[in-house]
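The structure appears right after this line, and notes come after that.
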Amino acid sequence: MASMGIMSALWVVIFLLTAISKVSKAAVPQFDPSMTRAQRQMVKEAFLDALTLVRTAALTFACDNDMYFGRYFDTSDGTFVRQMLQTVAAVDPNFDQGNPSRDTISQFLSNLRPDQLNADFAGLSISYGDNPGRPVHDDPGKSTKCGPFGLWGHLTFDPDQPENAWMSICPDTFDVFYSIRTMLNPPNALRNEPGMATTGFGDTETDYLETPGITVLHELMHWPYLFRNVPNYAMKIRLDPDNYPQILDHTSNTEPKDGYGA
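Going left to right, the sequence shown walks through residues 1 to 262 as the UniProt record's numbering numbers them.
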């Protein structure tokens, strides 16, 4: 996973940060116009980091039911998980899964044109902090959800128009976690920290294994409309209070037994 080919592709993603503001809005999220230039840049980078991570997973995951997969999922759900990843990543289900060449991975990671993204992203709005566009039904008082509560982000969708969703990436996310760009080329003060420059990763979660892109991916998983075409999604995912099959947050480590929780 840490091959030079993949690392080179990750750098290509970084150079696309400026390009994404110039492309058609056909398949990219709407970025809250009230953000400052610096905030907009951070949010865009988080979005692109999310795509890089989910595409890497979708391209290389072969539904192996090993000890690592079993920490998070039921071991019988390998195909379902792969289809979820493919949906977010916009990977062809017929793609040769599990053992693609380095060149194939690099090419796919660097191909982030709007016509190569999931078209549903056109209905997504992303904001730094609480998204000012989120529907009133979600929070009639429009109170602040981001704040001194350790919340990394939240997502709202309109049950009457489920194709629209509003994502909020809380400021703490950018204060605590590093982008892929920083991980690959950390400043001297961070260079010897675990996980920096892709060395020293362990098998358990630490802040060094997370980026703001992880928060983007987490929040995308709360959007039922995005997964409407995934086989058996409505059967496997429990209904939320609005009667939608929605993946909800939980902290239990009993699903599966000895799992890490969410």
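C-beta: ideal position from N, C-alpha, C; glycine also. Since the model is a prediction, treat every value here as computed from it, not as a measurement.
Indicate whether the contact test is met: 3 or more Cβ pairs, each with one atom in the stretch 27 to 44 and one in the stretch 120 to 138, closer than 8 Å. yes
Per DSSP, which residues does residue 125 bridge with? Please list them. Position 125 of the sequence shown, counting from 1, holds the residue named residue 125. BP columns for residue 125 point to 30, 166.
Please report how far the alpha carbon of residue 52 lies from the alpha carbon of residue 109, in whole angstroms. The sequence position of residue 52 within the sequence shown is 52, counting from 1. The sequence position of residue 109 within the sequence shown is 109, counting from 1. Cα-Cα distance, rounded: 6 Å.
Give every residue of the same chain whose Cβ lies closer than 6 Å to the Cβ of residue 234, excluding the five residues on either side of it in the sequence, and list them in chain order. The residue labelled residue 234 in the question sits at position 234 within the sequence shown. Within the same chain, residue 234 has close Cβ partners 245.
Length of the line joining the Cα atoms of residue 132 and residue 238: For this step, residue 132 is matched to residue 132 along the sequence shown. For this step, residue 238 is matched to residue 238 along the sequence shown. If you take the alpha carbons of residue 132 and residue 238, they lie about 28 Å apart.
Are the CB atoms of residue 219 and residue 153 within a distance shorter than 8 Å? For the purposes of this step, residue 153 is taken as the residue at position 153 of the sequence shown. For the purposes of this step, residue 219 is taken as the residue at position 219 of the sequence shown. Contact: yes.
Pairing CB atoms from the stretch 66 to 80 with CB atoms from the stretch 153 to 163, are three or more of them under 8 Å? no
Using the Cα positions of residue 223 and residue 248, report the straight-line distance between them to the nearest angstrom. Locating residue 223 in the sequence shown gives position 223, where the first residue counts as 1. Locating residue 248 in the sequence shown gives position 248, where the first residue counts as 1. Distance between the alpha carbons of residue 223 and residue 248 is about 10 Å.
Please classify residue 185: is it buried, with 16 or more other beta-carbons within 10 angstroms of its beta-carbon, or exposed? One-based indexing of the sequence shown puts residue 185 at position 185. The residue is exposed, with fewer than 16 neighbouring Cβ atoms inside 10 Å.
Could you give the residue range of the alpha helix (DSSP H) that holds residue 56? On the sequence shown, position 56 is the one that residue 56 refers to. Per DSSP, residue 56 belongs to the alpha helix (DSSP H) from 37 to 60.
Straight-line CA distance for residue 118 to residue 227? Position 118 of the sequence shown, counted from the first residue, corresponds to residue 118. Position 227 of the sequence shown, counted from the first residue, corresponds to residue 227. Approximately 11 Å, taken between the alpha carbons.
Close Cβ partners of residue 120 (< 6 Å) along its chain, the five nearest in sequence each way excluded: Indexing the sequence shown from 1 puts residue 120 at position 120. The residues are 226.
With a threshold of 8 Å on Cβ separation, who are the neighbours of residue 216 within its own chain once the five nearest residues in sequence on each side are excluded? Taking the sequence shown and counting its residues from 1, one reaches residue 216 at position 216. The answer, listed in chain order, is 46, 47, 49, 50, 126, 153, 167, 169.
Under three-state DSSP, which class holds residue 161? Locating residue 161 in the sequence shown gives position 161, counting from the first residue. Strand at residue 161.
Taking DSSP as the reference, what is the three-state secondary structure of residue 184? What you label residue 184 is simply residue 184 of the sequence shown in a count that begins at 1. Of the three classes helix, strand and coil, the one that applies to residue 184 here is helix, per DSSP.
Give the straight-line distance between the Cα atoms of residue 24 and residue 74, rounded to the nearest whole angstrom. Numbered from its first residue, the sequence shown carries residue 24 at position 24. Numbered from its first residue, the sequence shown carries residue 74 at position 74. Note that residue 24 has pLDDT 38, beneath the 50 cutoff, so the model's placement of it is unreliable and no number is given.
Three-state class that DSSP yields for residue 144 in the structure shown: Residue mapping note: residue 144 aligns to position 144 of the sequence shown, counting from 1. Three-state result, residue 144: coil.
Supposed contact pair residue 212 and residue 173 - C-beta distance, whole angstroms, cut 8 Å: Residue mapping note: residue 173 aligns to position 173 of the sequence shown, counting from 1. Residue mapping note: residue 212 aligns to position 212 of the sequence shown, counting from 1. So it is a contact: roughly 5 Å between Cβ atoms.
Beta-carbon gap between residue 88 and residue 54 smaller than 8 Å: Looking up residue 88 in the sequence shown gives position 88. Looking up residue 54 in the sequence shown gives position 54. Cβ atoms of residue 88 and residue 54: closer than 8 Å.
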